[in-house]
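Novice: FYI, in our numbering the residues of the sequence shown are 169 to 346. Starting off with a structure, shown below.
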Amino acid sequence: MARVPPLVLLPPLVFAGLAAAFYLGMQREDPDALPSALEGRAAPATALEPLGSLPEFDPATLSDGQVKLVNFWASWCAPCRVEHPNLEALAEEGIPIYGINYKDQPRQALAFLAELGNPYAALAQDAAGRAGIDWGLYGVPETFVIDGTGRVILRFPGPLTGRVIEETIRPALARARG
169 MARVPPLVLL PPLVFAGLAA AFYLGMQRED PDALPSALEG RAAPATALEP LGSLPEFDPA
229 TLSDGQVKLV NFWASWCAPC RVEHPNLEAL AEEGIPIYGI NYKDQPRQAL AFLAELGNPY
289 AALAQDAAGR AGIDWGLYGV PETFVIDGTG RVILRFPGPL TGRVIEETIR PALARARG
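Put into structure tokens, the structure is as follows:
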């Protein structure tokens with residue numbers, strides 16, 4: 169019987185491993201969902217810079233007993249512009265929203281808010297993107313539902329549309345209120 173060289177077996181084994189990984193990935197509840205390592209953990213207390221003279225958001229105060237949203241946004245982000253009226257509607261309902269302006273120029277960020285309105289209870293600036301790294305950001309906009317103890321209940325990547333608010337954000341707010 170002829171002996172098979174070990175390197176001949178390597179390609180089929182690599183293929184089988186990749187096929188198994190793809191199969192397991194497709195068995196997730198929502199294969200399009202981007203997982204977040206923060207869900208169920210305390211929100212990062214990253215140091216941020218103020219944005220102009222607007223009320224300053226300090227992530228260290230997230231455990232104030234109040235359920236809230238933290239929204240990463242930028243003036244250069246077209247989906248941020250799309251979700252902005254929905255953020256204003258949520259703020260009018262009394263849901264506190266804290267904004268973190270991500271990798272933006274302060275002048276453009278302030279002009280964005282002057283043009284579209286300011287739904288944020290307080291704001292901060294993440295000019296270098298360090299907070300984005302700490303929060304596990306994939307891009308903007310991204311919104312986090314935070315419970316009263318400062319724990320992340322949900323991370324939602326992408327713009328908040330009416331459908332997303334009703335099907336994803338409101339149930340997460342209800343879970344956060346416990």
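Beta carbons: idealized from backbone N, C-alpha and C, even for Gly. None of these values were measured; they are calculated from a predicted model.
Within the continuous beta strand (DSSP E) that includes ALA286, where are the two ends?
Specialist: The sequence position of residue 286 within the sequence shown is 118, counting from 1. As written in the sequence, residue 286 is Asn, which differs from the Ala given in the question. From DSSP, ASN286 is part of no beta strand (DSSP E); its letter is neither H nor E.
Novice: Helix, strand or coil: how does DSSP classify TRP241 here?
Specialist: As a working mapping, residue 241 is identified with position 73 in the sequence shown. Strand at TRP241.
Novice: Within the same chain, show all residues whose beta-carbon is closer than 6 Å to that of TRP303, passing over the 5 residues directly before and after it, in chain order.
Specialist: Along the sequence shown, one-based indexing puts residue 303 at 135. These residues qualify, in order along the chain: PRO212.
Novice: Taking DSSP's pairing of strands, which residues face ARG319 in a bridge?
Specialist: In the sequence shown, the residue the question calls residue 319 occupies position 151. In DSSP, ARG319 forms a bridge with ALA210.
Novice: Within its chain, find whatever has a CB closer than 6 Å to the CB of SER243; leave out the 5 residues flanking it on each side and keep chain order.
Specialist: Sequence index remark: in the sequence shown, residue 243 carries index 75 (1-based). Cβ within range, chain order: ASP272, GLN276, ALA277 and PHE280.
Novice: Under three-state DSSP, which class holds ILE265?
Specialist: As a first step, residue 265 must be located in the sequence shown, where it is residue number 97. Residue state, collapsed to three classes: strand.
Novice: Does the distance from the CB of TYR288 to the CB of PHE240 come in under 9 Å?
Specialist: Along the sequence shown, one-based indexing puts residue 288 at 120. Along the sequence shown, one-based indexing puts residue 240 at 72. No, Cβ-Cβ distance for TYR288 and PHE240 is not below 9 Å.
Novice: Tell me the rounded alpha-carbon separation between PRO185 and TYR306.
Specialist: The residue labelled residue 185 in the question sits at position 17 within the sequence shown. The residue labelled residue 306 in the question sits at position 138 within the sequence shown. The sequence given here has Gly at residue 185, not Pro. Cα-Cα distance, rounded: 27 Å.
Novice: Sort out for me which residues DSSP pairs PHE160 with in a bridge.
Specialist: The requested residue 160 is not part of the displayed model; the chain covers only 169 to 346.
Novice: At the level of alpha carbons, what is the spacing between ALA189 and VAL176?
Specialist: As a working note, residue 189 is residue 21 in the sequence shown. As a working note, residue 176 is residue 8 in the sequence shown. Going by the C-alpha atoms only, they are around 22 Å apart.
Novice: Give me, in chain order, the residues of the same chain whose beta-carbon lies closer than 8 Å to that of LEU206; leave out the 5 immediate sequence neighbours on both sides.
Specialist: Numbered from 1 along the sequence shown, position 38 holds the residue referred to as residue 206. Closer than 8 Å at the Cβ level, and outside the excluded window around LEU206, lie PRO212, TRP303, GLY304, PHE312, VAL320 and ARG323.
Novice: Taking the beta carbon of ILE301 as the centre, do at least 16 other beta carbons fall within 10 Å, making it buried, or is it exposed?
Specialist: What you label residue 301 is simply residue 133 of the sequence shown in a count that begins at 1. Result: exposed.
Novice: If I follow the unbroken alpha helix (DSSP H) through ILE301, where does it start and stop?
Specialist: To locate residue 301, count along the sequence shown from 1; it is residue 133. ILE301 -> alpha helix (DSSP H) spans 298-303.
Novice: GLY233 to ARG345, Cα distance in whole Å?
Specialist: Taking the sequence shown and counting its residues from 1, one reaches residue 233 at position 65. Taking the sequence shown and counting its residues from 1, one reaches residue 345 at position 177. The straight-line gap from Cα to Cα measures roughly 10 Å.
Novice: So, for ALA290: in the same chain, excluding its five sequence neighbours on each side, which residues have a beta-carbon less than 7 Å away from its beta-carbon?
Specialist: Position 122 of the sequence shown, counted from the first residue, corresponds to residue 290. Here the set comprises PRO223, GLU224, PHE225 and TYR266.
Novice: Which residues in the same chain have their Cβ closer than 6 Å to the Cβ of HIS252, if we skip the five residues on either side of it in sequence?
Specialist: Counted from its first residue, the sequence shown places residue 252 at position 84. So the qualifying residues of the chain are LEU284.
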